[in-house]
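The structure under discussion appears below in the form of structure tokens.
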Amino acid sequence: MNRKKVFTGSPWEPVVGYCRAIRIGDRIEVAGTTAMKDGEVVGVGDAYEQTRFILETIEKALRELDADLSHVVRTRMFVTDISKWEEIGKAHGEFFREIQPVATMVEVKALIDPRLLVEIEVEAII
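1 is the number of the first residue of the sequence shown in the UniProt record's numbering; add one for each residue after it.
Okay, structure coming up:
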């Protein structure tokens, strides 16, 4: 099957061997996405701002694969402090309130940079 991929230009993509998102047929998988831009963390200390930035990044990747947020059927949110669930959930709701994909939010010990508070991945079906 034909694979269409989206890359961000991150220096880690070729080293680690991954892409931001991939479409195979009617399925799209978006890799764990954090609030990183040009090597810097966006919204340091602000889980709401990081979540909004992440979802905007995911939305752009979906558009590159001829999809949009309405095609998202699942989100997975990895958070370093579950007590911030309301801030994260508020931002998630701003993007998905009408779409209502299934969603998972779990607390993890750490993300790749200690300033990162949230990482999100999504699945979409067109």
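Cβ atoms here follow ideal geometry from the backbone N, Cα and C, with glycine treated the same way.
None of the values given here were measured: they were computed from a predicted structure.
Please state whether DSSP places residue 74 in a helix, a strand or coil. strand
Distance, Cα to Cα, residue 88 vs residue 3? 32 Å
Compare the beta carbon distance of residue 122 and residue 51 with 9 Å and say whether it is the shorter of the two. no
Measure the alpha-carbon distance for residue 17 versus residue 7 and round it to whole angstroms. 11 Å
Please say whether residue 35 and residue 53 have beta carbons closer to each other than 9 Å? yes
Would residue 61 and residue 84 be called neighbours here (beta carbons separated by less than 9 Å)? no
Sort out for me which residues DSSP pairs residue 27 with in a bridge. 24 and 125
Collapsed DSSP secondary structure at residue 97 in the structure displayed: coil
Just the C-alpha distance for residue 80 and residue 107, rounded to the nearest angstrom, thanks. 5 Å
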